[in-house]
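Numbered according to UniProt numbering, the sequence shown spans residues 1 to 62. These notes are about the structure you will find just below.
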Amino acid sequence: MNNVKDLATEEMRDAAVEAGDVKNGTSEIAVIVDGAWSKRSYRSNYNVLSGVGCIVGGRIKK
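Okay, here's the thing in structure tokens:
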């Protein structure tokens with residue numbers, strides 16, 4: 001059984017092929033990226049060493 005990453009890769013590749021976004025055998029995949037980290041909290045000042053990020057396929061919105 002395929003894992004989630006393999007299924008997502010296959011779906012994004014298929015969407016790129018369907019849209020004609022393949023150059024030199026490589027799928028050109030548009031993505032939307034966002035991220036965040038905490039800089040300051042109520043009544044305290046600190047910088048965290050980690051954050052969170054999210055990448056979503058621009059064409060399939062997953």
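Heads up, the beta-carbon is just placed ideally off N, CA and C, and yes, glycines get one too.
Length of the line joining the Cα atoms of residue i and residue j
| i | j | result |
| --- | --- | --- |
| V31 | C54 | 10 Å |
| K39 | V52 | 13 Å |
| T26 | D34 | 24 Å |
Residue i classed as buried or exposed, judged by whether at least 16 other C-beta atoms fall within 10 angstroms
| i | result |
| --- | --- |
| A16 | buried |
Proximal residues to residue i (C-beta, below 7 Å), its chain only, five neighbours per side dropped
| i | result |
| --- | --- |
| A36 | G51, V52 |
| R59 | A15, A19, A30 |
Contacts around residue i, its chain only, beta-carbon distance under 6 Å, and the 5 residues preceding and following it disregarded
| i | result |
| --- | --- |
| A48 | For the sequence presented, residue 48 should be read as Val rather than Ala. If we look at V48 and ignore the five residues flanking it on each side, its Cβ neighbours are W37, S38. |
Proximal residues to residue i (C-beta, below 8 Å), its chain only, five neighbours per side dropped
| i | result |
| --- | --- |
| V22 | A16, E28 |
Q.
At 3 residues or longer, what runs of the beta strand (DSSP E) sit wholly inside the UniProt domain "Mutator-like transposase" (5 to 58)?
A. For the UniProt domain "Mutator-like transposase" (5 to 58), whole beta strand (DSSP E) runs of length 3 or above, ordered along the chain, are 31 to 36, 52 to 57.
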